[in-house]
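Enquirer: My numbering numbers the first residue of the sequence shown as 13 and each following residue consecutively.
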Amino acid sequence: MAEITAALVKDLRETTGAGMMDCKKALTETNGDKEAAVDWLRKKGLSAAAKKSGRVAAEGLVGVALAPGKAAMVEINAETDFVARNEAFQNFVETVAKVALSTGEDVEALKAAAYPGTGRSVAEETVHMVATIGENMNVRRVAVIEVPGGTAAAYIHGALKPGLGKIGVIVGLEGNASEALETLGRQIGMHVAATRPDALSVADVDPAALEREKNVLSEQARASGKPEAIIEKMVEGRVKKYYEDVVLLEQTWVHDGESKVKDVVAKAGAQLSRFVRFTLGEGIEKEATDFAAEVAAAAGV
């Protein structure tokens, strides 16, 4: 049998866009004959995956996975909403979310991680999914929250099935882990899905965004013609209202319409450490060119 060198595998991978393990298998099956290996990959539908990598994928699913004190969330995109209802794609998203529990928030590390039961990486399994389903796909982003000794919770809005949907939120709560704290975490996730806060606390607000808001509020107040001392107080009041709009802990709790989120959390004897919200496809339109490059890179093109 001919020697299957790394250079030969790389060459075939660059030619076809198929995954490394698929290229190695193709060369093994064809005794190192590159042209025969290309045909082998074409027959399997794997080399076609590269041709799809330039097409913008803004549909797909957000998936979450939970473990004690830990929550992971991924967004995996495809081209059409139809694919989100495909059982094989749903299983893929569920599995990748579980893998993310151990790889952390580096999306490249997630793509490089082993995909269970296949001998392939997550990136290579993505190429397989492209070939199987016939649409461009990409593991776009990942978030992981860890709360040792506390509670990590998740909420999926409009779930197609448990843990899969188009809007996902993961939440970290510090405090004694309990069923009540898990329930509170899910409720906070539902609140975040509805209100879209930009920051956890006042201290976390983007200084540049705050400065822009203050400038706008100051100009609006000055248009009233009131003295500067009055204007200053007007701006202070409006900045407080701004915080109530964009800061999670300062928002009114959607579940009763009266309490502040910070008071609800404090009453539970907990501390809200972090939240992450994913909306499927947000921002893809304006970054379509780079997104295609990301997909091509994931496929090894």
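Glycine residues also receive a C-beta, built at the ideal position from the N, C-alpha and C atoms.
Computed from a prediction, not measured in an experiment: that's the story for all the values here.
Of the choices L196, A165, D210, whose alpha-carbon is the least far from that of V181?
Expert: Position 169 of the sequence shown, counting from 1, holds the residue named residue 181. Ranking L196, A165, D210 by Cα distance to V181 puts A165 first.
Enquirer: I think L212 touches L284, with their Cβ atoms under 8 Å apart; what is that distance to the nearest whole Å?
Expert: Counting from one through the sequence shown, the residue named residue 212 turns up at place 200. Counting from one through the sequence shown, the residue named residue 284 turns up at place 272. 7 Å between Cβ atoms; contact.
Enquirer: Give me, in chain order, the residues of the same chain whose beta-carbon lies closer than 8 Å to that of D93; leave out the 5 immediate sequence neighbours on both sides.
Expert: What you label residue 93 is simply residue 81 of the sequence shown in a count that begins at 1. So the list reads E71, once near-sequence residues are dropped.
Enquirer: Taking only three categories from DSSP, how would you classify K252?
Expert: Locating residue 252 in the sequence shown gives position 240, counting from the first residue. Helix.
Enquirer: The alpha helix (DSSP H) that contains F104, what's its start and end?
Expert: Walking along the sequence shown from the start, residue 104 turns up at place 92. Note, F104: alpha helix (DSSP H), 99-115.
Enquirer: Three or more C-beta pairs closer than 8 Å, one from the stretch 192-199 and one from the stretch 159-176: is that the case here?
Expert: In short, these stretches touch, since the Cβ pair count reaches three.
Enquirer: Do you know offhand how far K279's Cα is from K272's?
Expert: As a first step, residue 279 must be located in the sequence shown, where it is residue number 267. As a first step, residue 272 must be located in the sequence shown, where it is residue number 260. The straight-line gap from Cα to Cα measures roughly 11 Å.
Enquirer: I'd like to know whether the C-beta atoms of E147 and E91 end up nearer to each other than 8 Å.
Expert: The residue labelled residue 147 in the question sits at position 135 within the sequence shown. The residue labelled residue 91 in the question sits at position 79 within the sequence shown. A contact, by the Cβ cut-off of 8 Å.
Enquirer: What is the C-beta distance between H87 and R153, in whole angstroms, given that I count them as a contact (C-beta under 8 Å)?
Expert: Here residue 87 is taken as the residue at index 75 of the sequence shown, counted from 1. Here residue 153 is taken as the residue at index 141 of the sequence shown, counted from 1. One point to set straight first is that residue 87 is Glu, not His, in the sequence displayed. Right, the Cβ-Cβ distance comes to about 5 Å (below 8 Å), so this counts as a contact.
Enquirer: Counting C-beta neighbours from all protein chains within 10 Å, is the total for K63 16 or more, i.e. buried, or is it exposed?
Expert: Indexing the sequence shown from 1 puts residue 63 at position 51. In this predicted model, K63 has a pLDDT of only 49, less than 50, meaning its place in the structure is not dependable; the value taken from the coordinates is given anyway. Under this definition K63 is an exposed residue.
Enquirer: Nearest-angstrom Cα distance between K324 and T138?
Expert: In this structure the chain extends from 13 to 313, so residue 324 is not present and cannot be described.
Enquirer: Among residues of its own chain, excluding the 5 on either side of G125, which ones have a beta-carbon nearer than 7 Å to its beta-carbon?
Expert: Numbered from its first residue, the sequence shown carries residue 125 at position 113. Going by the sequence as given, residue 125 is Ala instead of Gly. Answer for A125: V111, T115, S133, V134, listed in chain order.
Enquirer: To the nearest angstrom, how far is it from the Cα of K253 to the Cα of D216?
Expert: If you number the sequence shown from 1, residue 253 lands on position 241. If you number the sequence shown from 1, residue 216 lands on position 204. So the two alpha carbons sit approximately 16 Å from each other.
Enquirer: Using the Cα positions of L260 and L78, report the straight-line distance between them to the nearest angstrom.
Expert: If you number the sequence shown from 1, residue 260 lands on position 248. If you number the sequence shown from 1, residue 78 lands on position 66. Roughly 22 Å separates the two Cα atoms.
Enquirer: To the nearest angstrom, report how far apart E191 and K22 are at their CA atoms.
Expert: In the sequence shown, counting from the first residue as 1, residue 191 sits at position 179. In the sequence shown, counting from the first residue as 1, residue 22 sits at position 10. Roughly 51 Å separates the two Cα atoms.
Enquirer: Just to confirm, are M85 and A109 a CB contact at a threshold of 8 Å?
Expert: Mapped onto the sequence shown, residue 85 falls at position 73. Mapped onto the sequence shown, residue 109 falls at position 97. Yes, these two residues count as a Cβ contact at 8 Å.
Enquirer: Going by beta-carbon coordinates alone, are P128 and T107 separated by less than 8 Å?
Expert: By one-based count along the sequence shown, residue 128 stands at place 116. By one-based count along the sequence shown, residue 107 stands at place 95. Yes; because the gap between Cβ atoms is below 8 Å, this pair is in contact.
Enquirer: If we count the other Cβ atoms within 10 Å of its Cβ and call it buried at 16 or more, is R25 buried or exposed?
Expert: For this step, residue 25 is matched to residue 13 along the sequence shown. Classification for R25: buried.
Enquirer: Taking buried to mean at least 16 other C-beta atoms within 10 Å of its own C-beta, is G219 buried or exposed?
Expert: Working through the sequence shown from its first residue, we reach residue 219 at position 207. Rather than Gly, the amino acid found at residue 219 in this sequence is Pro. Flag for P219 reads exposed.
Enquirer: Would you list the one or two residues that DSSP bridges to V4?
Expert: The question about residue 4 has no answer here: the residues shown for the chain are numbered 13 through 313.
Enquirer: Determine the closest residue to E256 out of E270, K245, E244, with distance taken between C-alpha atoms.
Expert: On the sequence shown, residue 256 is found 244 positions in, with the first residue counted as 1. E256 has its Cα closest to that of E270, out of E270, K245, E244.
Enquirer: Just list the residues that DSSP pairs F287 with in beta bridges.
Expert: For the purposes of this step, residue 287 is taken as residue 275 along the sequence shown, with counting starting at 1. V183, per the DSSP bridge assignment.
Enquirer: Taking buried to mean at least 16 other C-beta atoms within 10 Å of its own C-beta, is R224 buried or exposed?
Expert: Within the sequence shown, numbered from 1, the residue matching residue 224 stands at position 212. Answer is exposed; the Cβ neighbour count stays below 16.
Enquirer: According to DSSP, is D23 part of a helix, a strand, or is it coil?
Expert: Your numbering for residue 23 matches position 11 in the sequence shown. Here D23 sits in helix by DSSP.
Enquirer: Quick one: what does DSSP say L212 is sitting in, helix, strand or coil?
Expert: Translated into the one-based positions of the sequence shown, residue 212 becomes position 200. L212 falls in the coil class under three-state DSSP.
Enquirer: Give the straight-line distance between the Cα atoms of N227 and T144, rounded to the nearest whole angstrom.
Expert: To locate residue 227, count along the sequence shown from 1; it is residue 215. To locate residue 144, count along the sequence shown from 1; it is residue 132. If I take the Cα positions, the gap works out to 53 Å.
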